[in-house]
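When you line the sequence shown up against this note's numbering, it's residues -16 to 236, in that order. C-beta atoms are modelled at their ideal positions from N, C-alpha and C, and glycine is treated no differently. It should be emphasised that the depicted structure is a prediction, and the values quoted were computed from it without experimental measurement.
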Amino acid sequence: MQINKLTAGKKLTVTETEVLNYIIKNIDSVLELGVRGVAKKNFTSTSTVMRLAHKMGFRGFVELQYKLSTMIENPVNAMNQANFMNDDQIQTLFQYNSKATFEEAAKILNDCEEKIIFIYAAGFSSVIANYIYKKMLVLGKRCLLATPSDSVGVLENNLDMMGVFITVSKSGETQAVIDKINMLKDEPVNIISFTSEIINTVAKTADCAIKIEDRYKLDEYNQHANNFFPQVLEAFEYVIACYEKMQNESTNI
């Protein structure tokens, strides 16, 4: 947890910041210690601990501990407790995809350790692709991001190092995307696609095709309000939740 974001504008003293750091690092045991125990561990007074709670916007120490514990909760546990998405969001994603599809996408990402993840999209889809690219970088993955305006050499020159190809295509018939996928036919590259739920070329050729509801299939220029792109982000984040679960399970083996 980045404590500077948590304390922004709170005007905490050095001692209060140290107490807050202690609480965060010992979040599972501080409630048992209580205000007096936390104060003693930090060589300060109970009033300092209570003042910290009030400055952070809470009524007391117990509420402070509870809120902090939910903020730093393991995201894997959050998903297991159905807190990651509400029921309507999950139901929409599972209307066209099985849970196994998301787990397969997560496994592909998990297995891609040394290879490059190549992310490609055109038009409005490139905005989503840029988000996926940055998320992958944050997770420590080696990535490249390209759009039709980039030279074909960006893909060709990295084929030997590529392990995964991720693409977003609302129609699933974007020719630039299809051309890139055709270049991968004889390559040991796993393809993950996010397209509309209708039968389309991109989804048919992908190793893992995630289908998203598209209520305006003929809206080529994306002129109408449409939940397709927000749902792509939700689907991608669900893949990441599955990926984190795999990472956590492998760590605990």
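Could you check whether residue j and residue i sit closer than 8 angstroms to each other, using their CB atoms as the reference points?
i: residue 151; j: residue 111; result: yes
i: residue 139; j: residue 225; result: no
i: residue 193; j: residue 75; result: no
i: residue 209; j: residue 199; result: yes
i: residue 182; j: residue 149; result: no
i: residue 95; j: residue 135; result: no
Smallest Cα separation from residue i: which of the options?
i: residue 25; options: -7, 39 and 5; result: 5
i: residue 121; options: 191, 40, 223 and 198; result: 223
Contact check, residue i vs residue j under 8 angstroms by CB: the rounded distance?
i: residue 35; j: residue -1; result: 5 angstroms
i: residue 154; j: residue 179; result: 6 angstroms
i: residue 32; j: residue -3; result: 15 angstroms between Cβ atoms; not a contact.
i: residue 203; j: residue 214; result: Actually they are not in contact, since the Cβ atoms of residue 203 and residue 214 sit about 18 angstroms apart, beyond 8 angstroms.
Just list the residues that DSSP pairs residue i with in beta bridges.
i: residue 192; result: 176
i: residue 5; result: Residue 5 pairs with nothing; no bridge assigned.
i: residue 150; result: 103 and 176
i: residue 126; result: 100
Using the C-alpha atoms, what's the distance from residue j back to residue i?
i: residue 28; j: residue 207; result: 59 angstroms
i: residue 98; j: residue 171; result: 11 angstroms
i: residue 123; j: residue 30; result: 42 angstroms
i: residue 55; j: residue 156; result: 42 angstroms
i: residue 64; j: residue -14; result: Because the pLDDT at residue 64 is just 39, under 50, the model does not fix this residue reliably, and the value given afterwards should be weighed accordingly. Cα to Cα, the separation comes out at about 25 angstroms.
i: residue 231; j: residue 89; result: 13 angstroms
i: residue 131; j: residue 159; result: 6 angstroms
i: residue 173; j: residue 43; result: 52 angstroms
i: residue 23; j: residue 78; result: 54 angstroms
i: residue 16; j: residue 103; result: 52 angstroms
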